[in-house]
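A quick write-up on the structure given underneath.
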Amino acid sequence: MTGVEVRDATDGDWPGIARLTATSFGSHWHPETFAAWRTLMPTGSTVVVADGEDVVGMAHYLDFTLTVPGGALVPAAGLTWVGVAPTHRRRGLLRAMFAELHDRIAGAGYPFAVLTASEGGIYGRFGYGAATTETTLVVDRRFARLHADLPDPGGVRLVDPRENRDRLAEVYDRYRRHTPGGLERPLPLWDDLLADWPDSRGGSTAWFCLLHPDGYALYRSHGRPRSVRVEEFTAVTPQAHVALWRALAGLDLVETVTVRSHPADPLPYLFDDARVVRTTHAEDELWVRIMDVPAALQARTYAADLDVVIGVDDGFRSDGGIFALTVRDGHATCVPTDAPAEITMSLDVLGSLYLGLHSARTLAAASRIRGGSAEQLAGLDAAFGVDVAARLGFHF
Ligand SMILES: CC(C)(COP(=O)(O)OP(=O)(O)OC[C@H]1O[C@@H](n2cnc3c(N)ncnc32)[C@H](O)[C@@H]1OP(=O)(O)O)[C@@H](O)C(=O)NCCC(=O)NCCS
Numbered sequence: 001m002t003g004v005e006v007r008d009a010t011d012g013d014w015p016g017i018a019r020l021t022a023t024s025f026g027s028h029w030h031p032e033t034f035a036a037w038r039t040l041m042p043t044g045s046t047v048v049v050a051d052g053e054d055v056v057g058m059a060h061y062l063d064f065t066l067t068v069p070g071g072a073l074v075p076a077a078g079l080t081w082v083g084v085a086p087t088h089r090r091r092g093l094l095r096a097m098f099a100e101l102h103d104r105i106a107g108a109g110y111p112f113a114v115l116t117a118s119e120g121g122i123y124g125r126f127g128y129g130a131a132t133t134e135t136t137l138v139v140d141r142r143f144a145r146l147h148a149d150l151p152d153p154g155g156v157r158l159v160d161p162r163e164n165r166d167r168l169a170e171v172y173d174r175y176r177r178h179t180p181g182g183l184e185r186p187l188p189l190w191d192d193l194l195a196d197w198p199d200s201r202g203g204s205t206a207w208f209c210l211l212h213p214d215g216y217a218l219y220r221s222h223g224r225p226r227s228v229r230v231e232e233f234t235a236v237t238p239q240a241h242v243a244l245w246r247a248l249a250g251l252d253l254v255e256t257v258t259v260r261s262h263p264a265d266p267l268p269y270l271f272d273d274a275r276v277v278r279t280t281h282a283e284d285e286l287w288v289r290i291m292d293v294p295a296a297l298q299a300r301t302y303a304a305d306l307d308v309v310i311g312v313d314d315g316f317r318s319d320g321g322i323f324a325l326t327v328r329d330g331h332a333t334c335v336p337t338d339a340p341a342e343i344t345m346s347l348d349v350l351g352s353l354y355l356g357l358h359s360a361r362t363l364a365a366a367s368r369i370r371g372g373s374a375e376q377l378a379g380l381d382a383a384f385g386v387d388v389a390a391r392l393g394f395h396f
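This is the structure we're talking about:
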């Protein structure tokens, strides 16, 4: 790491940042896209590595609001555009930038840092745990017969998405406020999404939009025979979910409808034959790093009482420790303690448990949680259970 400097970004660095973003992720971003995302970057949220006049590393965070179980809206630093030039990889630049950036995130008082990962093997060492799962579901529409008990709530319209930006944003906002993992999405990001740059369509059509008062589907169509890919499906109510799927199932001439979804999606149960819905892919989606264990554990609600002393190892910074966690009537107190830990885990594992998707018993079976009786592990699962399944708000 000699001859390079880790520092704040200056205005003059942005052409280099744009070039490094394009090199890292394989596509050139529009200046308008950069401008939209930069509205979410507070002063001091960009760290670069400079080699002479070249930007050879970059890491940024966005000022986000994260929904946690129970519906509290909590500040979170959303890490994004993390990249190191292929000329400078595997010599510690990412680690150096992360050390600096996480000092800043802790200094700004964020209880969480969150990210979505390009590869699954990078971020555990930095205390991030995969907390939500994205699935890809493919519906063979030709054989998809809706179940006879399914209501026909109606209310879906075909609309121009840009003209309906505020309606889409309003529906999304209701959805993200009650969904753990939900993220506030400011209007500049809506404008960027709906700008629908032709080179961001992956060879498919421009957006089509189905709008319901409590939900929407944004999709693209491609190929012959035709297939449809729903990039964003948001339903605040089960009625909206059914109504939107009735419309998608009605897309005659389309063979398959593919949707980015989540493990608790009721979609297969809508059809006579659940096999018309295949899960073709499942992978980590939102990664959570808890920056302040007591603040984070006290921010969410719980489904059962609990008394446990947890040891949390942070191999990256010193945000771990031993904590007494007590839950009564859904609310937690969490304080550092000198008592011996009954259950021990690394910080990334606590991040994986936090939104209620992953099970303590399963993680213990993989030796990712140590100690604790079967009853204590079952008690952790009961307490961390959630009413509303966690799901990432939107990709960033
Ligand atoms: C991922 C990337 C940022 C890593 O940068 P880097 O400077 O080479 O990383 P470092 O040398 O600082 O490595 C830090 C640690 O992460 C590990 N690591 C780095 N890249 C890794 C990868 N792709 N998979 C698994 N581990 C990785 C290193 O082995 C090292 O481990 P250690 O410190 O525990 O020994 C860089 O390869 C890159 O820009 N990739 C393309 C863009 C991308 O995927 N960005 C991430 C977006 S989420």
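Those letters in the sequence shown? Residues 1 to 396, per the numbering used here, in order. The C-beta atom is built at its ideal place from N, Cα and C for all residues, glycine as well.
About 7 angstroms separates the Cβ atoms of Pro-111 and Pro-75, confirming a contact at the 8 angstroms cut-off. Proximity of the beta carbon of Ala-117 to ligand 1 is indicated: a heavy atom of the ligand is located closer than 6 angstroms.
His-178 sits in a helix when the DSSP states are folded into three classes. Nearest to Thr-133 by alpha-carbon distance, out of Ala-360, Ala-117, Ala-148, is Ala-117. Glu-342 sits in coil when the DSSP states are folded into three classes, being neither helix nor strand.
Between Thr-179 and Val-388, the CB-CB gap stays under 7 angstroms.
Considering only Ala-148, Arg-104, Phe-316, the residue with the shortest C-alpha distance to Asp-63 is Arg-104.
With a threshold of 16 other beta carbon atoms within 10 Å, Asp-13 meets it and is buried. For the segment 203-242, the full-length beta strand (DSSP E) segments reaching 3 residues or more read 208-212, 215-222, 226-235 along the chain.
In this structure, the alpha-carbon of Ser-204 lies about 6 angstroms from that of Arg-220.
Here the alpha carbon of Ala-374 sits roughly 8 angstroms from the alpha carbon of Arg-361. Taking the Cα positions, Asp-199 is about 17 angstroms away from Leu-189.
One thing to note: Ala-113 has its Cβ within 7 angstroms of the Cβ of Ala-77. When C-alpha distances from Asp-214 are compared across Tyr-172, Ala-18, Val-259, the shortest belongs to Tyr-172.
The continuous beta strand (DSSP E) containing Trp-81 extends over residues 73-84. Secondary structure within the segment 266-342: the alpha helix (DSSP H) runs of 4 or more consecutive residues, fully enclosed, are 293-299 (chain order). Taking the C-beta atoms as reference points, Leu-150 is found nearer than 7 angstroms to Val-242. Judged by beta-carbon spacing, Arg-142 lies beyond the 7 angstroms limit of Asp-272, meaning their Cβ atoms are not closer than that value. Counted as a single uninterrupted DSSP element, the stretch harbouring Val-388 is not any beta strand (DSSP E), since DSSP gives it neither H nor E. Our two residues, Glu-100 and His-88, have alpha carbons roughly 18 angstroms apart in a direct line.
Between Val-259 and Val-230 a beta carbon distance of about 4 angstroms is seen, short of the 8 angstroms cut, so the two are scored as contacting. In this structure Asp-192 touches Ala-36 by the C-beta definition: roughly 4 angstroms separates them, less than 8 angstroms. Not one heavy atom of ligand 1 is found less than 6 angstroms from the C-beta of Ser-346. A straight line joining the alpha-carbon of Leu-380 with that of Thr-301 spans about 13 angstroms.
The DSSP-derived three-state label of Arg-157 is strand. Gly-16 is not bridged by DSSP to any residue. Pairing Leu-297 with Val-308 gives a Cβ-Cβ distance that is not under 7 angstroms.
Taking 6 angstroms as the cut-off, the C-beta of Ser-45 does not count as close to any heavy atom of ligand 1. In the DSSP annotation of this structure, the continuous segment of the alpha helix (DSSP H) that includes Thr-362 starts and ends at 360-365. Here Phe-112 is bridged, per DSSP, to Ala-76, Ile-290. Collapsing the DSSP output to three states places His-102 in a helix. Rounded to the nearest angstrom, the gap between the Cα atoms of Thr-65 and Arg-177 is 10 angstroms. Assignment of alpha helix (DSSP H) within the segment 31-75, counting only whole runs of 4 or more residues, yields 31-38 in chain order. DSSP places Asp-149 in the coil class of the three-state scheme, outside both helix and strand.
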